[in-house]
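Heads up: the structure comes next, in structure tokens.
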Amino acid sequence: MKPSANALELSSDGDRYFDGLADKFSRSLYNAPRGELRLALLDALLPDMLASLQADAPQRLASTSTVLDVGGGLGQQALWFAQRGFQVNLTEPSSDMLTHAEKALQSRPELAERVRCYPLALQHLSDALPGPWRLIVCHAVLEWLGNPRQGLRQLSELLAPGGELSLMVFNRDALRFSNVVKGNLQKAQEDRLEGLGLGQRLTPISPLTHAQIEAWSQEHGLKIQQVAGIRIFQDYLHQPPQGVGELERLIALEKQFCRREPHWRLGRYLLYTLVKAS
Ligand SMILES: C[S@@+](CC[C@H](N)C(=O)[O-])C[C@H]1O[C@@H](n2cnc3c(N)ncnc32)[C@H](O)[C@@H]1O
Numbered sequence: 001m002k003p004s005a006n007a008l009e010l011s012s013d014g015d016r017y018f019d020g021l022a023d024k025f026s027r028s029l030y031n032a033p034r035g036e037l038r039l040a041l042l043d044a045l046l047p048d049m050l051a052s053l054q055a056d057a058p059q060r061l062a063s064t065s066t067v068l069d070v071g072g073g074l075g076q077q078a079l080w081f082a083q084r085g086f087q088v089n090l091t092e093p094s095s096d097m098l099t100h101a102e103k104a105l106q107s108r109p110e111l112a113e114r115v116r117c118y119p120l121a122l123q124h125l126s127d128a129l130p131g132p133w134r135l136i137v138c139h140a141v142l143e144w145l146g147n148p149r150q151g152l153r154q155l156s157e158l159l160a161p162g163g164e165l166s167l168m169v170f171n172r173d174a175l176r177f178s179n180v181v182k183g184n185l186q187k188a189q190e191d192r193l194e195g196l197g198l199g200q201r202l203t204p205i206s207p208l209t210h211a212q213i214e215a216w217s218q219e220h221g222l223k224i225q226q227v228a229g230i231r232i233f234q235d236y237l238h239q240p241p242q243g244v245g246e247l248e249r250l251i252a253l254e255k256q257f258c259r260r261e262p263h264w265r266l267g268r269y270l271l272y273t274l275v276k277a278s
């Protein structure tokens, strides 16, 4: 599908929809070792970090248990939940991404029937899919919003009391670290870390700190239940893993240390389980 005419612009809310980026996103992330690592880490962490995924959780036992996937992108996470027996509402404002997600779903017909796709931005969900939801997934989306603080408030409003939000955000502190390691010293010194959201660059417009998530969670009635770092080592390797054996070893190390001090704090992404007060 062709990018829309305004593919290189921000939405009226100042958000960066991924129109025109689906191919690049798919190639540069999910068809590369860092995407493999991200999926392997999420696969290992989510069952442990989300009470909704425990075998005896009420939402596991109900046949109608539904996950709301906000900014679901190419649909990997939706498929993951569908595979575990959940119904999934995949919401995504970029028609380019949604078309790719629908194609991915078509190749898994046995799972596709559990996933419904909606061409919606987070800002429209309170009208279109108000819930309240017992489980919301919002991975790698807040950093693409013009106002991520308001985005977290909107997510909280969609959650049922006691409901869980699996939130993953791009870590501003890790971005600074990698800029320094790469020699972008002036940029780091001037704290010019955010991308512009224009063109084909995939540096987020609103990279976030753990301190912001802590403060905003409290503001919006959410409690941080769990936290982990995703890609705590990989971005700092002097050379990519050589062969399958090394990649496996790296994944094992990432798994071993992703929830330990001080390593989780420098994960490229921070993964949280947030619970809404009942
Ligand atoms: C980095 S991708 C993440 C996709 C997917 N969640 C994943 O983890 O692979 C960011 C996604 O957020 C979407 N997005 C941008 N603004 C949004 C908004 N206001 N509401 C919902 N999604 C949005 C983009 O179109 C893009 O598909």
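Take the sequence shown: its letter number 117 is residue 117 in my numbering, and every next letter is one higher. Heads up, the beta-carbon is just placed ideally off N, CA and C, and yes, glycines get one too. As the structure is a prediction and not an experimental result, all values here were calculated from the model.
Beta-carbon proximity list for residue i, same chain, < 7 angstroms, skipping 5 on both sides
i: H210; result: R265, L270
i: P148; result: L142, S206, L208
i: A44; result: K255
i: R16; result: L10, W144, G197, I205
i: R176; result: A188, L193
i: L41; result: I230, E254, K255, C258
i: G195; result: R201, T203, P204, I205
In DSSP terms, what residue i is bridged to
i: T91; result: V70, Y118
i: Y269; result: F170, I230
i: K182; result: DSSP, once it has assigned bridges, lists no residue as partnering K182.
i: C309; result: Any answer about residue 309 is impossible in this case: the structure gives the chain only from 1 up to 278.
i: I224; result: L274
i: L39; result: Note: L39 sits in no beta bridge, so no partner.
i: L159; result: W133
i: L145; result: According to DSSP, which records beta bridges pairwise, L145 is partnered with nothing at all.
i: L208; result: N171
Status (buried if at least 16 other CB within 10 Å, exposed otherwise) for residue i
i: D127; result: exposed
i: S217; result: buried
i: P47; result: exposed
i: Q234; result: buried
i: Q83; result: exposed
i: Y272; result: buried
i: R27; result: exposed
Nearest-angstrom Cβ-Cβ length linking residue i and residue j, presumed shorter than 8 angstroms
i: R259; j: A228; result: 5 angstroms
i: V181; j: Y236; result: 6 angstroms
i: K276; j: S156; result: 6 angstroms
i: V88; j: V115; result: 5 angstroms
Neighbourhood of residue i by C-beta distance below 6 angstroms, restricted to the same chain and skipping five residues each side
i: G281; result: The question about residue 281 has no answer here: the residues shown for the chain are numbered 1 through 278.
i: R192; result: none
i: A112; result: L105
i: G146; result: D13, G14, D15
i: A121; result: P93
Sequence-distant residues of the same chain with beta carbon closer than 8 angstroms to residue i, five excluded per side
i: F25; result: F18, G73, L74, M97, L202
i: L278; result: Checking the sequence shown, residue 278 turns out to be Ser, not Leu. Only P161, G162 meet the Cβ criterion.
Does the pairing of the stretch 159 to 169 with the stretch 95 to 106 give three or more beta-carbon distances under 8 angstroms?
-> Verdict: no, contact absent.
Do three or more CB pairs link the stretch 63 to 79 to the stretch 126 to 142 at distances below 8 angstroms?
-> The stretch 63 to 79 and the stretch 126 to 142 touch, with no fewer than 3 CB-CB distances between them shorter than 8 angstroms.
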